[in-house]
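Residue numbers (our numbering), protein chains in the order written: chain A, 209 to 489; chain B, 209 to 489.
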């Protein structure tokens, strides 16, 4: 029988999973145990600190329910979610539009609407036209591409967080026309804090970080024979562009408002052309 | 504004905590983010796997309550708890008795009992005498050292898990005599599974691991001017000695039963001499 030491404990724990019948689970767990142990050894983690960590994770678990997912918030704020997204999109053509986080507020099953629809309904706020072209990496416009969009209201809340918004407010589904073009109306999005009244908010405060995301509109765009693109447009000039609490914003996805007009009235437009990568073969 | 990539995301996340006012929190979080990101990059963690992890942690959080701590179970089974214990005991004299996990079943406030008391009360099971000497590393016996002991019943359950055991069953507190000696009676402990009907049990099954701990008796021993020793005795011959599900057992803490007698009747004895390190100065 081996006497366990700080040095040989990791090898002992890894031997223990040698019988694991799932090679990928074994690979992931091996790396997890190795990094977890290296972390504890490196910082000389104390029993008191370990207790704080257990208590923190317990609080994260207890505040999590059907409406609120604090573990995702934790993953987001530690940069893990953005990293998993970047890894998943490795190997995509450099010519295609960058991806960005799906986030926790996507809702499936929004009905398709005619181009030009105002997805903001009765929501107060400055109107904006959102428009652009969807094409493939060879710049061929994609007719009939499906565009799922969603965003927060100017109060910083999504419909699912806000009892004062009707269901599916600020959500829409559109199809590009024969020239690959789309357009719809909405309100200008605002920067907003992620939920910060729980343990993750406490963690951000202790770390000297703010909980804000820069203003953005989410897009999920799909077309036959193309890789589905989950991304977002970030509004130029937003003061949180460079410090997004969840590491979603990126330069290539920043778009500014341009003065435009519609039926004789001035209205700002947000324009962006999306380029879908070919389906992975 | 920086375009986030798989390579620069970690540096970006670390810059974000540069304003943290607590140097130790900053140090620990820096190492945590670095190892978490290295882990994800190394295994090329997929969005589906990330989802499984979020769901798993959510289940661990939801089964955790005042009576059950699944996060501690997770830490125990990944070897983290044992590692933190080993790190905390670094620098202890090699002559002193090794430590072992406190575990989740310690209860404070057990009353002191006369030496020789049977802590098993009405519990069915084969009786055993537990005895030994407590000394300091210079082998000087320690009179009046306080010994807190606790163990599971032969059914594998501690009093706090088992409605059929009276409160504080199989728990005792003793003081060594003028020669540093202690002795008490109990029942022979049995190996038992950690709670395996939750997500951690599911994890162990998927990894091809069993949930058993070898039979043991817990000890917490304190004396003035000495480092408090939290440890356990593991019973020689137990089939789980070399595969303790929580990595607590170690060769130096294994003790065998010896034939003994008491008032003319044969009874097995479990003997161990504990050596306390001097208090850290």
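Beta carbons are placed, not taken as given, at the ideal position from N, Cα and C, and that holds for glycine.
What you are looking at is a predicted structure, and each value in this text was computed from that prediction instead of being measured.
Quick one: is residue 458 of chain A near chain B, going by C-beta distance under 8 Å? Translated into the one-based positions of the first chain, residue 458 of chain A becomes position 250. Put simply, the CB of residue 458 of chain A is near chain B, with a gap under 8 Å to one of its CB atoms.
Simplified DSSP assignment, three categories, for residue 270 of chain B: Along the second chain, one-based indexing puts residue 270 of chain B at 62. DSSP places residue 270 of chain B in helix when its eight states are reduced to three.
For residue 258 of chain B, decide whether its Cβ has a neighbour in chain A, counting only Cβ atoms nearer than 8 Å. For the purposes of this step, residue 258 of chain B is taken as the residue at position 50 of the second chain. Judged by the 8 Å Cβ criterion, residue 258 of chain B is in contact with chain A.
Quick check: is the beta carbon of residue 235 of chain A nearer than 8 Å to any beta carbon in chain B? Taking the first residue of the first chain as 1, we reach residue 235 of chain A at position 27. It does; some Cβ of chain B falls within 8 Å.
Quick one: any contact between the stretch 264 to 283 of chain B and the stretch 256 to 269 of chain A, if contact means 3 or more CB pairs under 8 Å? The answer is yes - the stretch 256 to 269 of chain A touches the stretch 264 to 283 of chain B, with three or more Cβ pairs under 8 Å.
Alpha helix (DSSP H) runs contained entirely in the stretch 279 to 360 of chain A, provided each spans 4 or more residues: Taking only runs of at least 4 residues, the alpha helix (DSSP H) segments lying wholly in the stretch 279 to 360 of chain A are 288 to 296.
Counting beta carbon pairs with one atom in the stretch 322 to 336 of chain A and one in the stretch 383 to 400 of chain A, are three or more of them shorter than 8 Å? The stretch 383 to 400 of chain A, when compared against the stretch 322 to 336 of chain A, does touch it at the 8 Å Cβ threshold.
Where does residue 422 of chain B sit, in a helix, a strand or coil, going by DSSP? The count along the second chain starts at 1 and reaches residue 422 of chain B at position 214. Looking at residue 422 of chain B - three-state DSSP - the assignment turns out to be coil, as it is neither helix nor strand.
Endpoints, beta strand (DSSP E) assigned at residue 251 of chain A: On the first chain, residue 251 of chain A is found 43 positions in, with the first residue counted as 1. For residue 251 of chain A, there is no enclosing beta strand (DSSP E); the residue is part of the alpha helix (DSSP H) that begins and ends at 231 to 251.
Please identify the residue among A:247, A:458 and A:340 whose C-alpha is closest to the C-alpha of residue 483 of chain A. Residue mapping note: residue 483 of chain A aligns to position 275 of the first chain, counting from 1. It is A:340.
Out of curiosity, what's the CA-to-CA distance linking residue 458 of chain A and residue 212 of chain B? To locate residue 458 of chain A, count along the first chain from 1; it is residue 250. To locate residue 212 of chain B, count along the second chain from 1; it is residue 4. Answer to the nearest angstrom: the Cα atoms are 6 Å apart.
Taking only beta-carbon atoms, is residue 221 of chain A less than 8 Å away from chain B? Locating residue 221 of chain A in the first chain gives position 13, counting from the first residue. Chain B places a beta carbon closer than 8 Å to that of residue 221 of chain A, counting this residue as a contact.
Closer than 6 Å by C-beta to residue 370 of chain A: which residues in its own chain qualify, once you throw out the five before and the five after it? Chain order, please. Reading the first chain from its first residue, position 162 is the one you call residue 370 of chain A. No residues qualify anywhere along the chain.
Output, in sequence order along the chain, the residues in the stretch 405 to 425 of chain A whose CB is closer than 9 Å to any CB in chain B. Of all residues in the stretch 405 to 425 of chain A, 411, 414, 415, 416 and 417 have a Cβ within less than 9 Å of some Cβ in chain B.
For residue 213 of chain A, name the three-state secondary structure that DSSP assigns. In the first chain, counting from the first residue as 1, residue 213 of chain A sits at position 5. If DSSP states are grouped into helix, strand and coil, residue 213 of chain A belongs with coil.
When the Cα atoms are used, what is the spatial distance from residue 454 of chain A to residue 250 of chain B? Here residue 454 of chain A corresponds to residue number 246 of the first chain, with the count starting at 1. Here residue 250 of chain B corresponds to residue number 42 of the second chain, with the count starting at 1. One C-alpha to the other measures close to 21 Å.
Using the three-state DSSP reduction, which class does residue 261 of chain B fall into: helix, strand or coil? For this step, residue 261 of chain B is matched to residue 53 along the second chain. In this structure, residue 261 of chain B counts as helix in the three-state DSSP scheme.
Determine the closest residue to residue 271 of chain B out of B:415, B:233, B:423 and B:405, with distance taken between C-alpha atoms. Working through the second chain from its first residue, we reach residue 271 of chain B at position 63. Of B:415, B:233, B:423 and B:405, the residue nearest in Cα terms is B:405.
Nearest-angstrom Cβ-Cβ length linking residue 491 of chain A and residue 321 of chain A, presumed shorter than 8 Å: No information on residue 491 of chain A is available, as it lies outside the stretch 209 to 489 that chain A covers here.
Would the beta-carbon of residue 417 of chain B fall within 8 Å of that of residue 225 of chain A? Counted from its first residue, the second chain places residue 417 of chain B at position 209. Counted from its first residue, the first chain places residue 225 of chain A at position 17. Closer than 8 Å, so yes.
Work out the CA separation of residue 465 of chain B and residue 351 of chain B for me, nearest whole Å. Translated into the one-based positions of the second chain, residue 351 of chain B becomes position 143. Translated into the one-based positions of the second chain, residue 465 of chain B becomes position 257. Distance between the alpha carbons of residue 351 of chain B and residue 465 of chain B: 25 Å.
Would you kindly work out how many angstroms separate the C-alpha atoms of residue 315 of chain A and residue 442 of chain B, rounded to a whole number? Mapped onto the first chain, residue 315 of chain A falls at position 107. Mapped onto the second chain, residue 442 of chain B falls at position 234. Each residue's Cα considered, the two are about 54 Å apart.
Helix, strand or coil at residue 454 of chain A according to DSSP, with G and I counted as helix: The residue given as residue 454 of chain A occupies position 246 in the first chain. The answer is coil: DSSP assigns residue 454 of chain A none of H, G, I, E or B.
In angstroms with no decimal places, state the Cα-to-Cα distance between residue 302 of chain A and residue 388 of chain A. Here residue 302 of chain A refers to the residue found at position 94 when the first chain is read from its first residue. Here residue 388 of chain A refers to the residue found at position 180 when the first chain is read from its first residue. Looking at the two C-alpha atoms, the distance is approximately 21 Å.
How long is the line joining the alpha carbons of residue 490 of chain B and residue 385 of chain B, rounded to whole angstroms? Not covered by the structure: residue 490 of chain B. The range shown for chain B is 209 to 489.
Would you grab the beta carbon distance between residue 230 of chain A and residue 414 of chain B for me? Rounded to a whole angstrom, and I think it's under 8 Å. Start at 1 with the first residue of the first chain, and residue 230 of chain A comes out as number 22. Start at 1 with the first residue of the second chain, and residue 414 of chain B comes out as number 206. Yes, they are in contact, since the Cβ atoms of residue 230 of chain A and residue 414 of chain B sit about 7 Å apart, within 8 Å.
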